[in-house]
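Take a look at the structure below.
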């Protein structure tokens, strides 16, 4: 096995066990890892470290930098043992999220395209350890990544020491799927030469300075991917609304006939929206995106995909099996790039990517909250939604019109946290319909969003807010400062956003 | 005169007077004009149209699209006569602003780099008339723009008819200063080949389809530029704080020794900050920016400028005289590009532009309001601040720590309108100091901003809000939903944000 996976003989001497490798990690260090949405992250050494800390009770606080979210074996075991002092840029793990929300983990929520830049510009602390999963090491000592690329090329370049986890559950057929290109820092940066989503511009491996490799561990722990919710009625309606919108845009000559490359965010709604394209009339679909979920395999099986460019493969457990079992077929259609490239404003704007992301809530003026529930509780992070939204050809946000069994309206007078401003958001899709905000003034945007997207249970309340704020004639954006966040206040007090819920907590209606 | 200014003889037959040209503009039309921050906008025809409407009382409602702000002769006379039905993307004129804030003008506040795209993607209505100022027309019928480029190349390409104002107050020596390059629409877009701020990649003229030229008017009305406030103590302190920060960044190896191209927003504070560089140790300064104000001439005179790339020259009245009188010297250092290029994410990120913009208010978590006072009253618009901020090497926002004689704190618990999110804002500069937010969590950001940037009169109030919101232990971002906007409410009620102002309007302190 080892000879196929570790082809450089000199490096065989670096092979050790996870415990020994974990001893390289010391209190106070900055550890950067591979992994992007629980795919291709290190698993054995993080678990060994957590066990060690649990057993010895030693002090261990680390700054953990990843590409995006990683699995239980890293975020989970470390958060439970109190190992994570500081964390960026994105996460989806329960214990890690709890730590962030109770304040024990200092979290910086960042655009994913900025992470490698922050590291290579020197904006973050020096990286002591790069801890990365690989499918193999080449004869030259270079790295073949596994199911994600993320920030791995940058941290391999910048870290003091490198620990590699060779993961034998990751098929060797992954070799050749990656395209590694890292831009230089300004003032020496050149144009990124991607003209089409299918262009390969780099190497199929990550160059490594062999001298920095401190340990190699062999493991077979599979990516602990997350389940995807079944496509349900609501998500099907959203997908249908979106596809109708795109078809109309093509009819009206605003999008080229063969579409443009699509980006689709992470999660069940995004997956369902893409799944809706299987039944659509679109052919030769291009994806220029950051994650590949199950629906992309459906699209490939339906013969509808020209290319899927991404930085990670993040299907469900069943989807991952399906990928492994048909890897020779799927790999022909997939390119995995560093997240600095998959999420790069330059390429996204050049290709004219159609950005499809999901919102926690949207306000009537078109601002979007993607991150903090009730303005405070971190869900996952902004991820790549900002990278794509701001630079896209058309930016779309999808959300179910209500949540918590109807007790939360996802359309609100004012977002409680703002990740995407009115200047960046063009199309809102709910199961109710589609609001096209392009070229509208705030008052028009409000009417479009309430009319087309709000849940019927909340329309009256939203119109009431809008009309009363308009009657104040105060300025360009109608706002009632004392009521703008009152829907969230009401939910916090009564568990229900509806205007007639908890009457005595309502303000300003007199 | 005409032969130097209108070198294509055939086009001499199109010369007419402003009134006749104005007859081409009809009720309900979409009119797009040249002009970017009151420079290079049409003046004679707009005035003639306003006079005509005033005299005849005829119905005249137009959709007005410009590059950015334009002068009184256009926004002012048209707003006064109620001619502007709809307006985008940016303005600074009092009557126009009043119309927007009272709701009689439907205003869409857009990123300036998006305007040409919206037009060429077909997202806005068909442009009936392109009304553009030029310094001259070449023998081939091509246009030599004047003191700005803005969206002129795009609207010349897309409009049904073209009206040209040859402005003889604009020196012929402007010829050669412009660099006209327009990207194709996706999927045919190529890399923009600017590698250095001084690269010229296009033509010195705007190609024109002569058949579309419907009228040519000759005028000598000067750009009605805006005065710049004298550099005062407060702005000098801000400039000093910023320069100290940049020098320290260079010492710490985070910015290259010879800096990186600078962008500086429009207005007196931005002008003062750049003026501060005259006394700095920096040499060979590059600007990759959207406006050139007086301070750039100071820097050129001091021998400190390698190149100033922009889309407009927007000095004060005295600055404009100074430019005209020394044009052969200044033009060697200046390139004027279309705003789709000057503000392009691709180029900004590649060059590593250091973005310096001004804020109306900043909240303790690092969100910035650039547009709407008290969340409602439109000031000017977001302009290019988002284009530069999001894609910059380092994004800096400067603001005086208080306004209205101390009655407004520009550092607030929550911004009343959000143009630049916590994910985009890295450095806050006030006359009090500099807060470096890179890599910090929300709680740390809050302490940095209050400590370093807030006005002493407001520090206790901000800390009080922060500590009480932290004590709720609700989540990642400490927030008191019922108090977050209470400072703005208090100002609206009492004219003062201070916590002890209008005690009975304060909530949630019990």
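Chains as they are written, first to last, in my numbering: chain A, 1 to 510; chain B, 511 to 1020. Where is the CB? At the ideal position from N, CA and C, for every residue including glycine. It should be emphasised that the depicted structure is a prediction, and the values quoted were computed from it without experimental measurement.
Helix, strand or coil at residue i according to DSSP, with G and I counted as helix
i, result
"residue 330 (chain A)", "helix"
"residue 660 (chain B)", "strand"
"residue 220 (chain A)", "coil"
"residue 273 (chain A)", "helix"
"residue 369 (chain A)", "strand"
"residue 1020 (chain B)", "Reliability of the predicted coordinates at residue 1020 (chain B) is poor, the pLDDT of 33 falling under 50, and no value is obtained from them."
"residue 906 (chain B)", "strand"
"residue 453 (chain A)", "helix"
"residue 998 (chain B)", "helix"
"residue 593 (chain B)", "coil"
"residue 229 (chain A)", "coil"
"residue 887 (chain B)", "strand"
"residue 648 (chain B)", "coil"
"residue 724 (chain B)", "strand"
Residue i - partner residues in DSSP beta bridges
i, result
"residue 288 (chain A)", "A:309"
"residue 643 (chain B)", "B:675"
"residue 774 (chain B)", "B:866"
"residue 200 (chain A)", "BP columns for residue 200 (chain A) are empty, so no partner."
"residue 119 (chain A)", "DSSP, once it has assigned bridges, lists no residue as partnering residue 119 (chain A)."
"residue 178 (chain A)", "A:336"
"residue 549 (chain B)", "DSSP output for residue 549 (chain B) lists no bridge partner at all."
"residue 323 (chain A)", "In DSSP, residue 323 (chain A) forms no bridge with anything."
"residue 919 (chain B)", "B:912"
"residue 543 (chain B)", "B:641"
"residue 361 (chain A)", "A:369"
Chain B residues whose Cβ lies nearer than 9 Å to that of residue i
i, result
"residue 350 (chain A)", "693, 696, 699, 700, 701, 702 and 856"
Within-8 Å CB hit, residue i to chain A
i, result
"residue 865 (chain B)", "no"
"residue 764 (chain B)", "yes"
"residue 561 (chain B)", "no"
"residue 903 (chain B)", "yes"
"residue 612 (chain B)", "yes"
"residue 593 (chain B)", "no"
"residue 900 (chain B)", "yes"
"residue 882 (chain B)", "yes"
"residue 605 (chain B)", "no"
"residue 620 (chain B)", "yes"
"residue 819 (chain B)", "no"
Cβ of residue i within 8 Å of any chain B Cβ
i, result
"residue 262 (chain A)", "no"
"residue 199 (chain A)", "no"
"residue 195 (chain A)", "yes"
"residue 382 (chain A)", "yes"
"residue 106 (chain A)", "yes"
"residue 335 (chain A)", "no"
"residue 323 (chain A)", "no"
"residue 438 (chain A)", "yes"
"residue 404 (chain A)", "no"
"residue 386 (chain A)", "yes"
Residue from the options with nearest C-alpha to residue i
i, options, result
"residue 495 (chain A)", "A:436, A:379 and A:406", "A:406"
"residue 926 (chain B)", "B:947, B:874, B:786 and B:943", "B:874"
"residue 977 (chain B)", "B:956, B:720, B:1010 and B:659", "B:956"
"residue 10 (chain A)", "A:73, A:400 and A:213", "A:213"
"residue 80 (chain A)", "A:128, A:67 and A:52", "A:52"
"residue 664 (chain B)", "B:570, B:757, B:554 and B:577", "B:577"
"residue 208 (chain A)", "A:160, A:476, A:230 and A:430", "A:160"
"residue 177 (chain A)", "A:322, A:200, A:77 and A:187", "A:200"
"residue 194 (chain A)", "B:696, B:706, B:707 and B:778", "B:696"
Where residue i meets chain B, residues with beta-carbon distance less than 8 Å
i, result
"residue 366 (chain A)", "Within 8 Å Cβ-Cβ: nothing; residue 366 (chain A) doesn't reach chain B, min ~11 Å."
"residue 485 (chain A)", "991, 992, 994 and 995"
"residue 419 (chain A)", "931 and 933"
"residue 492 (chain A)", "991"
Interface residues of chain B facing residue i [CB-CB closer than 7 Å]
i, result
"residue 488 (chain A)", "991"
"residue 123 (chain A)", "764, 948 and 949"
Contact set between residue i and chain A, taken where Cβ atoms lie within less than 7 Å
i, result
"residue 986 (chain B)", "100, 101, 107, 372, 376, 377 and 378"
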